[in-house]
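3 is the number of the first residue of the sequence shown in the numbering used here; add one for each residue after it. Report on the following structure.
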Amino acid sequence: MKKLQGVPTMCAVLALGIAVMVYKIIQFDGHKAFTFILPFDLAIYRMAGEDLNAGGLLYDAPYIFEFPFTYPPFAGLLFKVLPFFSKDALTIIWPSLMFLAVLAIIVMIFRERGVKMTPAAVLIAVLLTALTPANETMHGSLYYGQVNVFLMLLVAFDFLPIKRRLPGVGIGLAAGIKLTPAYMGLALLFEKRWWAAAGAVITFLVTVVLGFLFVPDAMVFWTDAMFNSSRVGEHANPGAKSLRSLMFRELGIDGGIWWILAVIVVFALTCLALRTAYLRGNRSAAFALTGLSTCLVSPFSWYHHFVWTIPFIVMVFVSVNQAVSLRVSGKGGEQLAGLASVAVLFVLSLPFMSVPVWFTMSSANLDAIESFQPWATSLWTLSCLAFIVVYAVWGFIAPRKRAAEKS
Numbered sequence: 003m004k005k006l007q008g009v010p011t012m013c014a015v016l017a018l019g020i021a022v023m024v025y026k027i028i029q030f031d032g033h034k035a036f037t038f039i040l041p042f043d044l045a046i047y048r049m050a051g052e053d054l055n056a057g058g059l060l061y062d063a064p065y066i067f068e069f070p071f072t073y074p075p076f077a078g079l080l081f082k083v084l085p086f087f088s089k090d091a092l093t094i095i096w097p098s099l100m101f102l103a104v105l106a107i108i109v110m111i112f113r114e115r116g117v118k119m120t121p122a123a124v125l126i127a128v129l130l131t132a133l134t135p136a137n138e139t140m141h142g143s144l145y146y147g148q149v150n151v152f153l154m155l156l157v158a159f160d161f162l163p164i165k166r167r168l169p170g171v172g173i174g175l176a177a178g179i180k181l182t183p184a185y186m187g188l189a190l191l192f193e194k195r196w197w198a199a200a201g202a203v204i205t206f207l208v209t210v211v212l213g214f215l216f217v218p219d220a221m222v223f224w225t226d227a228m229f230n231s232s233r234v235g236e237h238a239n240p241g242a243k244s245l246r247s248l249m250f251r252e253l254g255i256d257g258g259i260w261w262i263l264a265v266i267v268v269f270a271l272t273c274l275a276l277r278t279a280y281l282r283g284n285r286s287a288a289f290a291l292t293g294l295s296t297c298l299v300s301p302f303s304w305y306h307h308f309v310w311t312i313p314f315i316v317m318v319f320v321s322v323n324q325a326v327s328l329r330v331s332g333k334g335g336e337q338l339a340g341l342a343s344v345a346v347l348f349v350l351s352l353p354f355m356s357v358p359v360w361f362t363m364s365s366a367n368l369d370a371i372e373s374f375q376p377w378a379t380s381l382w383t384l385s386c387l388a389f390i391v392v393y394a395v396w397g398f399i400a401p402r403k404r405a406a407e408k409s
C-alpha cells in the first residue's frame, strides 16, 4: 500500500472545482438536480411500489404521461418500501444514498489500486465524490432519481474488495433490478471465476422467481415488455448514447446486421481490454470498462446510464498519481504528481460535463451545434469507446507487469 502523493495540491484544486461547481449549479436557472422536488424516475418507482402494495399491476399502463415502469418485477418488489417515506424525505434520502454509494466505490478503487487509506486519502475520496455532479452522468442520475449508481455499487462488491469479494451475488441482484448488468458476467468469465459466474446466474434466477411469486403481471415483462426498447426511450433523442442510438441518428441504421457487427467489435475490444486489465491485476479497470461496454452495446442507454465513467476516471486518476510519483522526487515532485492527477481527471471528464456546470461543453449543447457534426454529437459515445480501445491497445505496447503489481 502506498500513500497518494501531492495531497495538498489535489485538495486545493478539487476544493476549487467543487466551489465553482456549486456556484454554477446555484446560478443555473434551467433543469438541474438539488431542487427538493421528487425526481421524475424516483416518482415512478414510488408509484410502482404503491401499486404493488395495493395489489395492483406494474405493466398495465403508464405512470406519468406516456412513461411506463421499465424494470423487471424484482425491482418493483424492492420499490415497495418507497411509499413508506414521504416525497420530501425521499428528495433528501435518495441523493444522500447515491453520494454514499459513489464514495464507497471510490474507496474500494483506492484500496484495490494499492492506495493506503490514510485520513488524507479519505479526504481525497470525499472531495472526488463531492465533485461528481460536475459529471453529467451523476448529475443526470441525481436529477431523475435513477438507480444506476446503486447497481454499480452492487456490481462493485463482486470485483473491487481486496478480500471477501461477493461470489457473483452483486451482479445477479443488479441484473434482477435492471437486466443490462448481466453483461458484467463477462468480466467474471474472463477472470475464470466460474463459481462466481454461476453465483450470478443463480442469484438472478432467484430474483426472477421472487418476481413471479409476488408481482401479479410478472409474465407480461418477460414475454413482452423486456423486448420493447421503445418503452425506455426513442433512439432519435440525443440523450440516448448507446451505439444503436448513435447509428440510428447519424447513419440512419436502425438495428439489423450493421448494429450487430458493431456490438461484436465492441465486445471483442472489451475482451482485449479485460486481457490488459487482468495481466496487470487491475480489477478496477475491468470493472469500469466492462460497465462502459454494457452501456455501448445495450439496445438503449440514456446518458445517465454511463455512470461507469466515474470509476474509470478515478482509476486513471490514481494510476497517474502512482506513475508520476515513481518518476519524480522531493516535495516538488510530489505536488507535480498531484497536479498531474487532477489534470487528467479534468481532461477525461470533458466529454461528460454537466449542463449547469459548463453548458458550452455539455452534451446538450454539442448535440445542438450544427457545425462539427456528426463529431460533436458523437463525442460522448466515441469517448467511451476510446477508453476501451486505448486500454486494449496499451496491453500490447506497454511492458507487461505481473498480475500482482498495481498499474
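Just so it is clear, CB atoms sit at the ideal spot from N, CA and C, and this is done for glycine as well.
Collapsed DSSP secondary structure at V117 in the structure displayed:
Looking at V117 - three-state DSSP - the assignment turns out to be strand.
Buried or exposed: which applies to R115, given that a residue is buried once 16 or more other Cβ atoms fall within 10 Å of its Cβ?
Its Cβ being crowded by 16 or more others within 10 Å, R115 is buried.
Outcome for G293 when other beta-carbon atoms lying within 10 angstroms are tallied against a minimum of 16:
Buried: at least 16 other Cβ atoms inside 10 Å.
In the DSSP assignment, what residue or residues form a beta bridge with I66?
Checking the DSSP bridge columns, you'll see I66 partnered with F69.
Under 8 Å Cβ to Cβ from R277, same chain only, skipping five residues before and after it: list those, please.
Same-chain partners within the cutoff: F192, A394, G397.
S98 versus F229 - alpha carbon distance:
Distance between the alpha carbons of S98 and F229: 33 Å.
Applying the 10 Å Cβ sphere with the 16-neighbour rule, what's the burial state of L298?
That one is buried.
Go to E193, then tell me how far its alpha helix (DSSP H) extends in each direction, as first and last residue.
Membership of E193 in any alpha helix (DSSP H) is not indicated, and neither H nor E is assigned to it by DSSP.
Around the Cβ of R166, are there at least 16 other Cβ atoms within 10 angstroms (buried) or fewer (exposed)?
Result: exposed.
Take M140 and list the residues in its own chain whose beta-carbon comes closer than 6 Å to its own, dropping the five residues that flank it on each side.
Within the same chain, Cβ atoms closer than 6 Å to the Cβ of M140 are found at T134, the five residues on either side in sequence being excluded.
Reduced DSSP secondary structure (H/G/I, E/B, other) of M3
DSSP places M3 in coil when its eight states are reduced to three.
Confirm, please, whether the CB-CB distance from T311 to C386 is below 8 Å.
In this structure, the beta-carbon distance from C386 to T311 falls below 8 Å.
Does H237 pass the burial test, meaning 16 or more other C-beta atoms within 10 Å, or should it be called exposed?
Label assigned to H237: buried.
Check whether the Cβ atoms of L6 and A132 lie closer than 8 Å to each other.
The answer is no: Cβ separation not under 8 Å.
What residues in its chain sit with their C-beta under 7 Å from that of D219, if we drop five residues either side in the sequence?
Closer than 7 Å at the Cβ level, and outside the excluded window around D219, lie L59, L60, Y61, D62.
For F71 versus I46, is the C-beta distance shorter than 8 Å?
Yes; because the gap between Cβ atoms is below 8 Å, this pair is in contact.
Going by Cα to Cα distance, which pick from I95, W382, L341, F308 is closest to Q324?
Comparing Cα positions, the closest option is L341.
According to DSSP, simplified to helix, strand and coil, what is N150?
Reduced to three states, the DSSP call for N150 is helix.
So what does DSSP say about N230, is it helix, strand or coil?
Secondary structure of N230 (DSSP, three-state): coil.
Who does G355 pair with in a DSSP beta bridge?
The question names Gly, yet the displayed sequence has Met at residue 355. According to DSSP, M355 bridges with N137.
CB-CB under 8 Å to M317, same chain, minus the five flanking residues each way: which ones, in chain order?
So the qualifying residues of the chain are I111, R115, N284, S286, A287, A290.
Contacts around P313, its chain only, beta-carbon distance under 8 Å, and the 5 residues preceding and following it disregarded:
Around P313: I107, I108, I111, M154, A158, S286, F289, A290, G293.
Near L79, what residues of its chain come up, given a Cβ to Cβ distance below 8 Å and the 5 sequence neighbours on each side ignored?
Same-chain partners within the cutoff: L54, L212, G213, F216, V217.
Taking DSSP as the reference, what is the three-state secondary structure of W360?
Note: W360 maps to coil in three-state DSSP.
From F250 to V359, what distance separates their C-alpha atoms?
Straight-line Cα distance between these residues: approximately 29 Å.
From which residue to which residue does the alpha helix (DSSP H) around D53 run?
Here the alpha helix (DSSP H) through D53 covers 42-55.
A242 - partner residues in DSSP beta bridges
For A242, which the question treats as bridged, DSSP gives the partners W304.
Using only CA atoms, which one of A127, Q148, W224, A366 lies nearest to V9?
Checked all of A127, Q148, W224, A366; the closest Cα to V9 is A127.
Looking only at its own chain, which residues have a Cβ that is under 6 Å from the Cβ of F161, when we skip the five neighbours before and after it?
Once the five neighbours on either side are set aside, the close Cβ partners of F161 are R285, F289.
Classify Q337 as helix, strand or coil using the three-state DSSP reduction.
Three-state DSSP puts Q337 in a helix.
By alpha-carbon positions, which one of I27, M3, L350, L328 ends up nearest to K118?
Looking at the Cα atoms, M3 is the closest of the given residues.
Proximity to G235 [Cα-Cα], best of K89, T379, H307:
Checking every option, the nearest Cα to that of G235 belongs to H307.
Pairing CB atoms from the segment 344-364 with CB atoms from the segment 23-34, are three or more of them under 8 Å?
With the cut-off at 8 Å, the segment 344-364 and the segment 23-34 touch.
Assuming the contact rule is C-beta atoms closer than 8 Å, P85 and E52 should be a hit. Round their C-beta distance to whole Å, please.
Under the criterion of beta carbons closer than 8 Å, P85 and E52 qualify as touching, at roughly 5 Å.
Leaving aside the five residues before and after W304 along the sequence, list all residues of the same chain whose C-beta is less than 8 Å from its C-beta, in chain order.
So the list reads G142, V234, G235, G241, A242, K243, once near-sequence residues are dropped.
Just the Cα atoms here: how many angstroms apart are L190 and Y145?
Between the alpha carbons of L190 and Y145 lies a distance of about 32 Å.
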